[in-house]
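> Please read through the structure below; I'll follow up with questions.
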Amino acid sequence: MPRAHDFDVAIVGGGLAGGLLARQLRLAAPDLSIAVFERRREGGYKVGESTVEIAANYLARKVRLNRYLVEHHLFKNGLRYFFDTEKKDGSLFELSEIGTDGYPYHPSFQIDRARFDRDLRAMNREMGVAVFEDVAVRDPDLSDGNRPHAFDVEDATGHRVRRTCRWFVDATGRARLLARTRKEAPVPVDLPIASVWGRATGIESIDDLGPEAFRARVRHTSRFLSTNHFCYPGYWIWFIPLRDGIVSIGVVGHKDVVTPALQKQDAFAQFLRSHKAVDTLLGKGGFVDLMGYRQLAYGTRGFYEPNRVVRTGESAAFSDPFYSPGSDFIATENDQIADLVLRDHAGEDAPALAERIAKYDRFMQYRFDTTIPIYRQLYETFGSFALMRAKYAFDVSTYYNVWVHAYMLDLHLDTSWIDEQLRAAQPTMTALDNVRRMFRDAARRLMAEGRYFAENLGGYYRGQEPILDLVYTIGLPRKRKEILRRLQRSLWEARRDTLAALGDPRAGDLPPEPLFAFMTERDLLAANATSAQRPPASPPA
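Residues 757 to 1297, numbered by this note's numbering, are exactly what the sequence shown covers, in order.
Structure follows, in structure tokens:
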């Protein structure tokens, strides 16, 4: 029976999100008619180079790119953080450090986005995906019912062709085709953060520098292959290695630090070189390109719509690049979109599909909401080694225990599990906000007392430490009680370690507290910070 439309799925945008979705759908259902429409044949360097565990699992398990990544990109040796003096004059080899002393058990990659996006389009074309380059999608007419969606495809000469599809996917990134067409203003997010970044050549390898003791501290594992962060109050600087001698270097921070003036190469290089340790790595290197965003974070009014119109990647929302969550969101969104498309293709009942679309959409909004407290008002914590030990341990253990574990079991496609998460949303958000305010207030206290930088030289915290009990069990069946006990432990340890950073004697003999005690609003630094009131819903698992 002939199709009533040109394509089953039209994906507008052939970058990371759109290209991966096309491959995922093609692998899952070779009979689907899939088209990708990309504005540029040759894209430049892009951000989104650093992947973490959820994205890496997606790339290996869902789109089968492990061999390609091993052969054409770099293994990533985890996240690594360095902490400097107040005057930014600490020697690279003296800075306190959080980082691994061995390669991660769950590997991830440093991806050259220009190469990856180009190769992915070629692989998709070889698999039978219709890939259109140097074209623009215009005037989408999106059906409210069962009729096909329609849109114009305009080539470089201005010639237009009207196309139709059943599923319309906006994967246009920050161009945000749907939002722009509908004149939707970005949903504001209380993260006033900007960024400037570029690609450089001639950068020194940190593995070749410094005394033997510096390398021995991490058992000679490669720091160069890590995503290296140089952390300061209000901002951080990244170094991400790519292939062929290219290193991605950027700064993210408060807008009084990351100003539009830094979007000039001379000004950006001067800013970077004002940090002694960063200057050591820059050596005689220079920039190939430079880009920037004056506002990084924004939300969305919706991820998935009942009329088979969906958004993935930055076309929907973006939070913050610290901890590299962007490709994790692409993995989760693409999985859910693929699941919806495949269910529709198999003839699933329309009301059941609409209900699933609504649940997936609410879950993605909740997932985005849980990310914001990691960053909101917390850039002021980033420059303190003593405090970031506590924050890093909480953030990474919670990420593994809750989100990585759930993703590896595909629980984000289980509507019963999603229902549990949404029922517990309010107390969960309360707990996250309690921890957020605790870290913020601790940073302000340390700064006011002149102790913020006190431990920023000579310290080392092993990056695997907070997840040693989790790396072998995530992705395997675990009882709900086990997950909740681990969450309670993470919350309790975050409070204990923050009190220790403040020099509070309570840290040495802090009594255990039940999970629900963290899920009602309270000041976790207060002398009488206790709570016996149960939250209105059970916590998530």
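Idealized CB from N, CA, C, for every residue including glycine. Remember, predicted model here, so these are calculated numbers, not experimental data.
Less than 7 angstroms separating the beta-carbons of V891 and F763?
If you number the sequence shown from 1, residue 891 lands on position 135. If you number the sequence shown from 1, residue 763 lands on position 7. No, the pair does not count as a contact, with Cβ atoms beyond the cut-off.
> Closest to V917 by CA distance: which of R1200, R894 and L898 is it?
In the sequence shown, residue 917 corresponds to position 161, counting from 1. Nearest C-alpha to V917: R894.
> If you compare alpha carbons, which of P786, F1124, T856 and F872 is closest to E1355?
One cannot answer for residue 1355 here, as it falls past the ends of the chain, which runs 757 to 1297.
> Starting from R1196, follow the beta strand (DSSP E) in both directions and report where the run begins and ends.
Taking the first residue of the sequence shown as position 1, residue 1196 is located at position 440. In the DSSP assignment, R1196 falls outside any beta strand (DSSP E) and lies within the alpha helix (DSSP H) extending over A1181 to A1204.
> Can you find at least 3 beta carbon pairs, one from the region 1126-1138 and one from the region 1038-1052, that sit closer than 8 angstroms?
Between the region 1126-1138 and the region 1038-1052, the count of C-beta pairs closer than 8 angstroms stays below three; the two stretches do not touch.
> Less than 8 angstroms between C-beta atoms, sequence neighbours within five positions excluded: which residues of the same chain meet that for L1255?
As a working mapping, residue 1255 is identified with position 499 in the sequence shown. The residues are R1262, A1263, L1266 and L1281.
> Let me know if Y1228 comes out buried or exposed under the rule of 16 or more other beta-carbons within 10 Å of its beta-carbon.
One-based indexing of the sequence shown puts residue 1228 at position 472. Classification of Y1228: exposed, given that the 10 Å Cβ count is below 16.
> So, is E809 buried or exposed, given that buried needs 16 or more other C-beta atoms within 10 angstroms?
For the purposes of this step, residue 809 is taken as the residue at position 53 of the sequence shown. Under this definition E809 is a buried residue.
> Near F980, what residues of its chain come up, given a Cβ to Cβ distance below 7 angstroms and the 5 sequence neighbours on each side ignored?
On the sequence shown, residue 980 is found 224 positions in, with the first residue counted as 1. If we look at F980 and ignore the five residues flanking it on each side, its Cβ neighbours are S961, I962, D963 and P997.
> Pull up the DSSP beta-bridge partners for L1046, would you.
Start at 1 with the first residue of the sequence shown, and residue 1046 comes out as number 290. Its beta-bridge partners are G954.
> Considering Cα atoms alone, identify which of R795, V974 and D946 is closest to K834.
If you number the sequence shown from 1, residue 834 lands on position 78. Note on identity: in this sequence residue 834 is Gly, with Lys being the wrong assignment. It is V974.
> In the DSSP assignment, the alpha helix (DSSP H) including A1250 goes from what residue to what residue?
Within the sequence shown, numbered from 1, the residue matching residue 1250 stands at position 494. Here the alpha helix (DSSP H) through A1250 covers R1236 to A1257.
> Going by Cα to Cα distance, which pick from A931, Q1019, S899 and H915 is closest to A950?
The sequence position of residue 950 within the sequence shown is 194, counting from 1. Closest option to A950, Cα to Cα, is Q1019.
> In chain order, which alpha helix (DSSP H) runs of at least 4 residues are fully inside the region 1085-1169?
The qualifying runs are 1106-1127, 1141-1154 and 1161-1164.
> Can you check whether the CB of A1149 is closer than 7 angstroms to the CB of H1222?
Indexing the sequence shown from 1 puts residue 1222 at position 466. Indexing the sequence shown from 1 puts residue 1149 at position 393. For clarity, residue 1222 is Pro in the given sequence; the question names His instead. Contact flag set, yes.
> Compare the C-alpha of R782 against each of D875, Y837, R881 and P863 and name the closest.
Locating residue 782 in the sequence shown gives position 26, where the first residue counts as 1. Checking every option, the nearest Cα to that of R782 belongs to R881.
> Hey, G929 and G1058 are a contact pair by Cβ (cut 8 angstroms); roughly how many whole angstroms apart?
Along the sequence shown, read from residue 1 onward, the residue named residue 929 stands at position 173. Along the sequence shown, read from residue 1 onward, the residue named residue 1058 stands at position 302. That pair is no contact at about 17 angstroms.
> Hey, out of P989, D1000, R971 and R922, whose CA is closest to R955's CA?
Locating residue 955 in the sequence shown gives position 199, where the first residue counts as 1. Closest by alpha carbon: D1000.
> For G966, which residues of its own chain have a beta-carbon under 6 angstroms away from its beta-carbon, when the five flanking residues on both sides are left out?
The residue you call residue 966 lines up with position 210 of the sequence shown. Correct list, in chain order: F849.
> How long is the line joining the alpha carbons of G1039 and T957, rounded to whole angstroms?
In the sequence shown, counting from the first residue as 1, residue 1039 sits at position 283. In the sequence shown, counting from the first residue as 1, residue 957 sits at position 201. If you take the alpha carbons of G1039 and T957, they lie about 10 angstroms apart.
> Would L1232 be called buried (16 or more neighbouring beta carbons within 10 Å of its own) or exposed?
For the purposes of this step, residue 1232 is taken as the residue at position 476 of the sequence shown. Under this definition L1232 is an exposed residue.
> Put Q866 into one of helix, strand or coil per three-state DSSP.
Sequence index remark: in the sequence shown, residue 866 carries index 110 (1-based). If DSSP states are grouped into helix, strand and coil, Q866 belongs with the strands.
> Looking at C-alpha atoms only, which residue of D1117, L1143 and E1205 is the closest neighbour of L1169?
Walking along the sequence shown from the start, residue 1169 turns up at place 413. The option with the nearest alpha carbon to L1169 is D1117.
> Please state whether DSSP places N984 in a helix, a strand or coil.
Within the sequence shown, residue 984 is the residue found at index 228, counting from 1. Strand, per DSSP.
> On the premise that T1137 lies in contact with R1196, defined as a C-beta separation below 8 angstroms, what is that separation, rounded to the nearest angstrom?
As a first step, residue 1196 must be located in the sequence shown, where it is residue number 440. As a first step, residue 1137 must be located in the sequence shown, where it is residue number 381. Correct: roughly 7 angstroms between the Cβ atoms.
> Using CA atoms only, rank isn't needed, just tell me which of M883, L777, T1184 and D900 is closest to P1062.
On the sequence shown, residue 1062 is found 306 positions in, with the first residue counted as 1. Closest option to P1062, Cα to Cα, is D900.
> With a CB to CB cut of under 8 angstroms and the five nearest residues on each side skipped, what residues in its chain are close to D1166?
As a working mapping, residue 1166 is identified with position 410 in the sequence shown. So the list reads D1091, once near-sequence residues are dropped.
> Just verifying my parser: in three-state terms, what is the DSSP assignment at R1033?
Your numbering for residue 1033 matches position 277 in the sequence shown. Looking at the sequence shown, residue 1033 is not Arg but Ala. Secondary structure at A1033: helix, using DSSP grouped into helix, strand and coil.
> I need the DSSP call for D926, collapsed to helix, strand or coil.
As a position in the sequence shown, residue 926 is number 170, starting the count at 1. In this structure, D926 counts as strand in the three-state DSSP scheme.
> Quick one, are the C-beta atoms of A906 and T920 less than 7 angstroms apart?
Indexing the sequence shown from 1 puts residue 906 at position 150. Indexing the sequence shown from 1 puts residue 920 at position 164. Their beta carbons are under 7 angstroms apart, which means A906 touches T920 by this criterion.
> Keeping to the same chain, check which residues put their C-beta closer than 7 angstroms to that of M1164; ignore five residues upstream and five downstream.
Here the question's residue 1164 lines up with position 408 in the sequence shown. These residues qualify, in order along the chain: N813, I1230 and G1231.
> In three-state terms, what does DSSP make of L1213?
Counting from 1 along the sequence shown, the entry for residue 1213 is found at position 457. Strand.
> Taking all protein chains shown into account, do 16 or more other C-beta atoms lie within 10 angstroms of the C-beta of R1029, making it buried, or fewer, making it exposed?
For the purposes of this step, residue 1029 is identified with residue 273 of the sequence shown, where counting begins at 1. That one is exposed.
> Straight-line CA distance for D1035 to F1272?
Counting from one through the sequence shown, the residue named residue 1035 turns up at place 279. Counting from one through the sequence shown, the residue named residue 1272 turns up at place 516. The alpha-carbon atoms of D1035 and F1272 are separated by roughly 47 angstroms.
> Using the C-alpha atoms, what's the distance from L1134 back to K1032?
To locate residue 1032, count along the sequence shown from 1; it is residue 276. To locate residue 1134, count along the sequence shown from 1; it is residue 378. One alpha carbon belongs to K1032, the other to L1134, and they sit about 24 angstroms apart.
> Give me the residue from G1214, A1087, S1153 and V1065 with the minimum Cα distance to E853.
For this step, residue 853 is matched to residue 97 along the sequence shown. Closest by alpha carbon: G1214.
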